[in-house]
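Colleague: Got a structure here, written out as structure tokens. Questions coming.
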Amino acid sequence: MNILFLTSRFPYPPIGGDKLRAYHIIQHLAAQHRVTVIAAYEREEDLARLQEFRSQVHRVIPVRIPRLASYWKAFRGIWGRLPLQCHYYYASRLQRAVDRELAENAYQVVFVHLIRMAQYVRHRRELGRFIDLTDAISLNYERAKAYRSGWFKWVNLLESRRVRRYEAQIVREFDRSFVISEVDRQYLLNLSPGAPLEVLENGVDLDYFHPAAQRPEQPRRIVFLGNMRTFPNQDAVLFFAREVFPRLQAVEPDLEFYIVGAFPSRGIQELARRPGIVVTGYVPDVREYLWSALCAVAPIRVGAGVQNKILEAMACGLPVISSPIGNEGINATPGRELLVAETPEQYLQHIEHLLADPELGRRIGGAARRFIEKRYRWPDILRRLDQLLEQVDPARAPSPRT
13 MNILFLTSRF PYPPIGGDKL RAYHIIQHLA AQHRVTVIAA YEREEDLARL
63 QEFRSQVHRV IPVRIPRLAS YWKAFRGIWG RLPLQCHYYY ASRLQRAVDR
113 ELAENAYQVV FVHLIRMAQY VRHRRELGRF IDLTDAISLN YERAKAYRSG
163 WFKWVNLLES RRVRRYEAQI VREFDRSFVI SEVDRQYLLN LSPGAPLEVL
213 ENGVDLDYFH PAAQRPEQPR RIVFLGNMRT FPNQDAVLFF AREVFPRLQA
263 VEPDLEFYIV GAFPSRGIQE LARRPGIVVT GYVPDVREYL WSALCAVAPI
313 RVGAGVQNKI LEAMACGLPV ISSPIGNEGI NATPGRELLV AETPEQYLQH
363 IEHLLADPEL GRRIGGAARR FIEKRYRWPD ILRRLDQLLE QVDPARAPSP
413 RT
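In case it helps, my numbering puts the sequence shown at residues 13 to 414.
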């Protein structure tokens with residue numbers, strides 16, 4: 013089968029949740045089908061490993077969308093009706109690339125990654141159209157409004173309304189729409205009853221993320237793992253650094269809090285001035301930080317979907333202390349496969365228990381690994397996608413232009 017895959021970010025190397033998910037879906041599809049990827053990118057350095065990625069698929073067509081022009085389009089979009097992210101990621105050169113590719117080649121399926129890219133093929137009803145929304149983004153905006161202020165609060169409200177309306181339209185128009193959790197699916201079904209929505213969970217590379225051969229006897233490091241460009245991760249880190257860690261240091265002064273992830277903002281970088289807090293920025297291998305830690309924390313207060321950071325830490329056999337929202341799409345059993353906390357006092361209590369009882373951490377970490385092995389293997393998760401592709405009628409593919 014010929015599949016055209018559209019993505020708003022160059023997916024290789026797979027750093028960050030969106031890229032990671034897109035890459036694993038592409039990799040799975042390319043093992044069985046002829047996959048061409050059209051990928052938007054902003055900077056030339058985004059293509060540093062282009063040749064390596066080209067060897068993994070049939071063809072790659074990168075299309076540059078200059079960042080400054082994108083900001084201007086998003087600003088002008090304030091007076092439009094589409095979500096601002098659709099204005100930001102629209103480029104006539106990308107539309108021409110999509111149209112030319114569809115005209116010159118016979119594709120059975122177009123697979124769109126993220127709602128912002130749906131605009132490029134909304135009019136192509138003759139094709140099988142799949143879209144991976146990943147999260148119900150309007151749910152994310154709804155939860156974020158309590159933590160936004162000023163200009164950001166106004167933009168959050170504007171985008172929330174537009175995305176909610178747009179999501180409801182897109183999931184009705186496309187043949188199949190995928191989200192990462194049942195929570196997201198039910199939310200979108202409330203917006204668009206009867207829409208063909210499927211849950212396609214995130215997976216973990218279990219060969220890569222595995223327990224350490226040997227862990228420190230008495231680890232004194234707490235780790236947060238995640239792409240620090242995103243607001244939910246920034247909010248989580250600031251909450252823990254301001255509300256939890258100082259109180260923890262008062263009784264355990266030698267503890268360290270490691271913030272591991274690319275693109276830390278200036279506000280996050282300034283946390284490194286505080287005693288015991290380390291901001292790493294991008295690291296080539298996050299596993300060494302997980303393997304040497306007492307626990308991972310995921311105090312997510314804003315967001316939707318499934319948190320990769322939690323899955324990866326659990327796969328490494330590390331006890332995780334998560335907020336209820338962080339565990340929402342994962343559905344691990346609190347107290348058995350991970351620990352759940354919401355208030356600073358609850359985080360403090362769990363960390364003190366892990367410090368006092370190393371066996372507790374080993375027990376929860378072991379159960380976490382078994383849970384991930386059972387539920388979050390990529391091949392098992394993507395088997396449902398294979399079944400849906402088999403249902404696509406090959407006759408839907410239009411003949412290429414000669």
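In this text, a Cβ means the ideal position worked out from N, Cα and C, and glycines have one as well.
What are the boundary residues of the beta strand (DSSP E) that TYR270 is part of?
Modeller: That run of the beta strand (DSSP E) goes 268-272.
Colleague: Leaving aside the five residues before and after ILE376 along the sequence, list all residues of the same chain whose C-beta is less than 6 Å from its C-beta, in chain order.
Modeller: The residues are PRO331.
Colleague: Just to confirm, is the Cβ distance from GLY288 to ASN239 under 9 Å?
Modeller: no
Colleague: Using DSSP's beta-bridge definition, name the partner residues of PRO74.
Modeller: Paired residues: ALA51.
Colleague: For ILE143 and PHE186, what's the separation of their Cα atoms in angstroms?
Modeller: Computed Cα separation, rounded: 7 Å.
Colleague: Specify the secondary structure class of SER189 as computed by DSSP and reduced to three states.
Modeller: strand
Colleague: Whole-angstrom Cβ separation of PRO95 and TYR178, contact assumed at under 8 Å?
Modeller: The Cβ separation is near 5 Å, so the contact holds.
Colleague: I'd like to know if the stretch 47-56 and the stretch 102-120 are in contact, where contact means that at least 3 CB-CB pairs between them fall below 8 Å.
Modeller: yes
Colleague: Near LEU351, which residues of its chain fall below 6 Å by C-beta distance, leaving aside the five closest residues on each side in sequence?
Modeller: ILE333 and HIS362
Colleague: Assess contact between the stretch 189-197 and the stretch 139-156, defined as three or more Cβ pairs (one per stretch) separated by less than 8 Å. Is contact present?
Modeller: yes
Colleague: Based on the DSSP output, what are the partners of ASN14 in its beta bridges?
Modeller: ARG46
Colleague: What are the boundary residues of the alpha helix (DSSP H) that GLY373 is part of?
Modeller: From DSSP, the alpha helix (DSSP H) with GLY373 extends over 370-387.
Colleague: Evaluate contact between the stretch 382-402 and the stretch 37-45, counting only Cβ atoms and requiring at least three cross-stretch pairs below 8 Å.
Modeller: yes
Colleague: Can you confirm whether the stretch 227-235 touches the stretch 336-351 when touching is taken to mean that 3 or more C-beta pairs between the two stretches lie within less than 8 Å?
Modeller: Proximity of the stretch 336-351 to the stretch 227-235 falls short of the contact definition, fewer than three beta-carbon pairs being nearer than 8 Å.
Colleague: Mind checking GLN97: buried by the 16 CB within 10 Å criterion, or exposed?
Modeller: buried
Colleague: Going straight from the alpha carbon of PRO23 to that of ALA34, what length do you get?
Modeller: PRO23 and ALA34 have their C-alpha atoms some 6 Å from each other.
Colleague: Can you give, in chain order, each stretch of the alpha helix (DSSP H) that sits fully within the stretch 148-210 and has at least 4 residues?
Modeller: 149-156, 162-185 and 194-203
Colleague: Check this for me: beta carbons of ASN214 and ILE192, under 9 Å apart or not?
Modeller: yes
Colleague: Work out the CA separation of ARG21 and MET13 for me, nearest whole Å.
Modeller: So the two alpha carbons sit approximately 24 Å from each other.
Colleague: Within a Cβ cutoff of 8 Å, which residues of the same chain sit near ASP392, ignoring the five residues on either side of it in sequence?
Modeller: Closer than 8 Å at the Cβ level, and outside the excluded window around ASP392, lie GLY215.
Colleague: Name the DSSP bridge partner or partners of SER334?
Modeller: ALA310 and VAL352
Colleague: Should the stretch 244-253 be regarded as contacting the stretch 262-282, the criterion being three or more beta carbon pairs within less than 8 Å?
Modeller: By the C-beta criterion, the stretch 244-253 is judged to be in contact with the stretch 262-282, since at least 3 inter-stretch pairs fall below 8 Å.
Colleague: Using a Cβ-Cβ cutoff of less than 7 Å, which residues in the same chain neighbour ARG105 once the five nearest sequence positions on both sides are dropped?
Modeller: VAL75
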